[in-house]
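All residue numbers for the sequence shown refer to this note's numbering, where the first residue is 2 and numbers rise by one.
The structure appears below as structure tokens.
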Amino acid sequence: MNNLSLTHSKSKVHSLLIGGMLVFLLVLGLFSLSKGAFTISFAQVVSILFPLDWAPYEAQQVNVLYSIRLPRILMATLIGGGLGIAGASLQGLFRNPLVEPGLIGVSSGSALFAVIFLVLIPTLTQAFGLISTVGLPFFAFLGGLVHVLAVYYLGGRGKSDTATLILAGVAINALAGALIGLTLFYADDAALRSFTFWSLGDLGGSTWAKVPLAALLILLPSLILFGESKNLNALSLGEQEAFHMGVNVKQTKIKLLTLTALIVGVGVAFTGMIGFVGLIVPHLIRIGFGADHRLVLPASFLLGAILLNVADLIGRTWVAPAELPIGVITALLGAPFFIALIFQLHKSKN
């Protein structure tokens with residue numbers, strides 16, 4: 002009876018946490034809609050979105066809100082949530098808190114294949130808009146999958162120590178960077194400008210045409226990852242233990258690597274290389290609320306969405322009317338966190 006009460010109490014806390022994060026994300030989104038180079042008050046935002054006569058507004062404000070800011074915030078929510086849950090899944094798979102999609106080459110692999118797609122297939126992308134819309138995420142996903150598999154096997158299939166895994170990621174990232182440079186050597190000015198988009202990360206290109214595809218290719222894999230929470234909990238005990246608990250370890254690994262590569266690849270294709278979200282978010286959730294992936298995965302999605310919306314808000318308002326690339330903001334937030342995490346792990350070993 003005590004165990005049942007404890008489980009019920011824990012489930013209630015988890016539900017309250019998820020609900021609180023959802024409410025905060027909604028409020029943050031409404032607040033973000035009112036901020037930017039073009040002035041729209043919070044009361045005007047509410048009046049435009051809902052049938053409330055809080056404040057008068059102009060047609061231009063409606064156009065800016067619906068055509069520019071709303072798809073941008075939705076894209077930040079999708080990409081941030083996707084990076085958060087991808088990072089949580091990879092950390093659970095590798096049983097390593099230092100694993101992050103950018104660190105182990107998923108982001109750079111996606112960027113490499115995206116650049117190859119833009120540079121080597123320009124005629125098709127110009128002639129057929131659908132190929133550009135669907136082909137780019139597919140190539141980015143393929144690049145992320147190839148690179149994460151390479152790091153996985155170079156790192157001893159997740160069984161090696163942290164240093165080996167990070168060195169494998171560094172090697173793959175360096176190779177991807179060199180191949181990107183080689184590809185861009187043959188590119189024209191338009192392709193070079195496009196690469197700036199991937200290298201710094203930017204949500205400025207978010208449009209309603211991209212939101213449905215991003216939602217499909219991020220939310221669907223994320224839902225499947227939610228269903229893998231019990232398997233990830235079992236894998237956290239070790240592969241042998243997970244196998245004896247009835248987990249198909251090989252199939253689970255392939256599924257997790259494929260889904261995380263798809264999520265990160267779509268993010269890179271649409272918004273560029275945004276680092277450290279997949280590192281910071283799952284670690285904060287584990288520190289605050291434990292390592293149960295039934296909570297870690299959905300909470301990482303929501304916290305990732307919150308973090309990227311905050312970073313985008315900072316980028317849009319800090320140097321307004323200009324904008325800072327969102328990848329710069331996440332790096333400024335994430336790099337000190339990563340350094341502190343390394344020091345913490347070093348102290349725990351001593």
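Don't be surprised by glycine CBs; every beta carbon is placed ideally from N, CA and C.
Being a predicted model, the structure only gives us computed values, none of them experimental.
Shortest alpha-carbon distance to residue i belongs to which of the options?
i: LEU119; options: SER207, SER109, LEU137; result: LEU137
i: LEU146; options: ILE167, VAL135, ILE173; result: ILE173
i: VAL65; options: LEU99, GLY205, LEU121; result: GLY205
i: ASP313; options: ASN232, ALA77, VAL135; result: ALA77
i: SER90; options: ALA321, ILE330, SER223, VAL320; result: SER223
i: LEU104; options: LEU183, PHE344, ALA169, GLY266; result: ALA169
i: ILE167; options: PHE140, GLN241, ASN97, LYS254; result: ASN97
i: ASP203; options: SER301, GLY110, ALA188, ARG317; result: ARG317
i: GLY106; options: LEU258, VAL46, VAL63; result: LEU258
i: ILE80; options: THR261, THR165, PHE114, LEU309; result: LEU309
i: ILE139; options: LEU233, LEU180, LEU217, ALA292; result: For the sequence presented, residue 139 should be read as Phe rather than Ile. Of the listed residues, the one whose Cα sits closest to PHE139 is LEU217.
i: ALA306; options: LEU26, TYR187, ILE19, GLU59; result: LEU26
i: GLU324; options: LEU201, PRO52, THR253, LYS254; result: LEU201
i: LEU260; options: PRO52, VAL46, GLY88; result: GLY88
i: ILE41; options: PHE51, GLY21, GLY30, VAL63; result: VAL63
What do you get for residue i, buried or exposed, if any count of 16 or more other CB atoms within 10 angstroms of its CB means buried?
i: PHE129; result: Confidence at PHE129 is low in this model, with a pLDDT of 47, below 50, so its placement is unreliable and no value can be given for it.
i: SER108; result: buried
i: MET2; result: Because MET2 sits at a pLDDT of 45, beneath the cut-off of 50, its placement in the model cannot be relied upon, and the point is left open.
i: ALA177; result: buried
i: SER12; result: exposed
i: THR208; result: exposed
i: ILE343; result: exposed
i: ALA115; result: buried
i: VAL265; result: buried
If you drop the 5 nearest sequence neighbours on each side, which residues of the same chain put their C-beta closer than 7 Å to that of residue i?
i: LEU23; result: LEU303
i: SER230; result: HIS294, ARG295, LEU298
i: ALA44; result: TRP55, ALA56
i: ASP189; result: none
Report all residues from its chain with a CB closer than 8 Å to the CB of residue i; omit the five preceding and five following residues, and keep chain order.
i: LEU193; result: LEU185
Assuming residue i and residue j form a contact by the criterion Cβ under 8 Å, report the distance between their Cβ atoms to the nearest whole angstrom.
i: LEU236; j: VAL248; result: 7 Å
Under 8 Å, Cβ to Cβ, is there at least one residue of chain B near residue i?
i: LEU26; result: Chain labels in this structure do not include chain B; a single protein chain is all it has.
Whose C-beta lies closer than 6 Å to the C-beta of residue i among residues of the same chain, with five residues either side of it excluded?
i: SER16; result: none
i: ALA300; result: ILE286
i: ALA151; result: ILE173
i: ALA38; result: ALA321, PRO322
i: LEU143; result: PHE114
Determine, using beta-carbon pairs with one atom in the region 274-282 and one in the region 325-340, whether at least three such pairs fall under 8 Å. yes
Below 8 Å, can you find three or more Cβ-Cβ pairs linking the region 284-292 to the region 210-225? no
Does the region 68-82 come close enough to the region 33-52 that 3 or more CB-CB pairs lie under 8 Å? yes
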